[in-house]
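Participant: With UniProt numbering, letter number 30 in the sequence shown gets 30, and the count goes up by one each step, no holes.
From the three backbone atoms N, C-alpha and C, an ideal C-beta is built for every residue, glycine too.
Every value quoted in this text rests on a predicted model; they were computed, and no experiment measured them.
Shown below is the structure under consideration.
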Amino acid sequence: MAVKDRAHVPARVVALKKKEFCELKQDGKTVIEFLHEFNRLACYALEDVRSDDEKKEKFLEGLNDELSVQLIFGDYEDFQKLVDKAIRLEDKHRKMESKKRKLANASQFVLFDSV
Numbered sequence: 001m002a003v004k005d006r007a008h009v010p011a012r013v014v015a016l017k018k019k020e021f022c023e024l025k026q027d028g029k030t031v032i033e034f035l036h037e038f039n040r041l042a043c044y045a046l047e048d049v050r051s052d053d054e055k056k057e058k059f060l061e062g063l064n065d066e067l068s069v070q071l072i073f074g075d076y077e078d079f080q081k082l083v084d085k086a087i088r089l090e091d092k093h094r095k096m097e098s099k100k101r102k103l104a105n106a107s108q109f110v111l112f113d114s115v
């Protein structure tokens with residue numbers, strides 16, 4: 001939503017969307033899904049994300065703890081660099097979990113096979 005379009009949205013709707021933005025969490029969403037929701041709602045809370053630093057801070061706050069603790073101490077040139085790093089980390093986590101599941105399944109197979 002462009003800033004000029006916001007003038008046509010009832011104040012109550014803007015307030016609700018701003019509240020939704022302030023409470024936004026990644027939860028079960030992927031980083032990309034969270035990013036889309038973040039960007040969709042950010043236009044209702046422009047005063048909360050005026051600078052790139054404010055935007056980075058709010059994005060980090062909303063990410064799952066697993067990702068945010070790995071990203072929090074990084075120095076990201078801009079918001080997009082933070083997002084890119086979050087996506088790469090999430091992908092790495094997903095690959096590691098997949099390997100763990102495969103190893104667990106393989107070890108179960110070996111246990112059953114030897115009985």
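State the CB to CB distance for the pair Lys-85 and Ala-45, rounded to an integer number of angstroms; the pair is presumed to be in contact (CB under 8 Å).
Facilitator: The residue labelled residue 85 in the question sits at position 85 within the sequence shown. The residue labelled residue 45 in the question sits at position 45 within the sequence shown. 23 Å between Cβ atoms; not a contact.
Participant: When burial is assigned at 16 or more other CB atoms within 10 Å of the CB, is Gly-28 buried or exposed?
Facilitator: By 1-based counting over the sequence shown, the position of residue 28 is 28. Classification of Gly-28: exposed, given that the 10 Å Cβ count is below 16.
Participant: Write down the C-beta distance between Leu-82 and Lys-56 rounded to the nearest angstrom, noting that I regard them as a contact closer than 8 Å.
Facilitator: Locating residue 82 in the sequence shown gives position 82, counting from the first residue. Locating residue 56 in the sequence shown gives position 56, counting from the first residue. Going by Cβ atoms, the distance from Leu-82 to Lys-56 rounds to 5 Å, so yes, they are a contact pair.
Participant: Between Leu-24 and Leu-89, what straight-line distance do the alpha-carbon atoms span, to the nearest angstrom?
Facilitator: One-based indexing of the sequence shown puts residue 24 at position 24. One-based indexing of the sequence shown puts residue 89 at position 89. So the alpha carbons of these two residues sit roughly 20 Å apart.
Participant: Taking only the alpha-carbon atoms, compute the straight-line gap between Glu-54 and Ala-104 and give it to the nearest angstrom.
Facilitator: Within the sequence shown, numbered from 1, the residue matching residue 54 stands at position 54. Within the sequence shown, numbered from 1, the residue matching residue 104 stands at position 104. Each residue's Cα considered, the two are about 42 Å apart.
Participant: Can you check whether the CB of Asp-78 is closer than 8 Å to the CB of Asp-52?
Facilitator: Counting from 1 along the sequence shown, the entry for residue 52 is found at position 52. Counting from 1 along the sequence shown, the entry for residue 78 is found at position 78. Yes, Cβ-Cβ distance for Asp-52 and Asp-78 is below 8 Å.
Participant: Does Leu-67 come out as helix, strand or coil in the three-state DSSP assignment?
Facilitator: Translated into the one-based positions of the sequence shown, residue 67 becomes position 67. Residue state, collapsed to three classes: helix.
Participant: What's the gap between the Cα of Ala-106 and the Cα of Glu-97?
Facilitator: Looking up residue 106 in the sequence shown gives position 106. Looking up residue 97 in the sequence shown gives position 97. So the two alpha carbons sit approximately 14 Å from each other.
Participant: Tell me the rounded alpha-carbon separation between Arg-39 and Phe-21.
Facilitator: Start at 1 with the first residue of the sequence shown, and residue 39 comes out as number 39. Start at 1 with the first residue of the sequence shown, and residue 21 comes out as number 21. The sequence given here has Asn at residue 39, not Arg. Roughly 9 Å separates the two Cα atoms.
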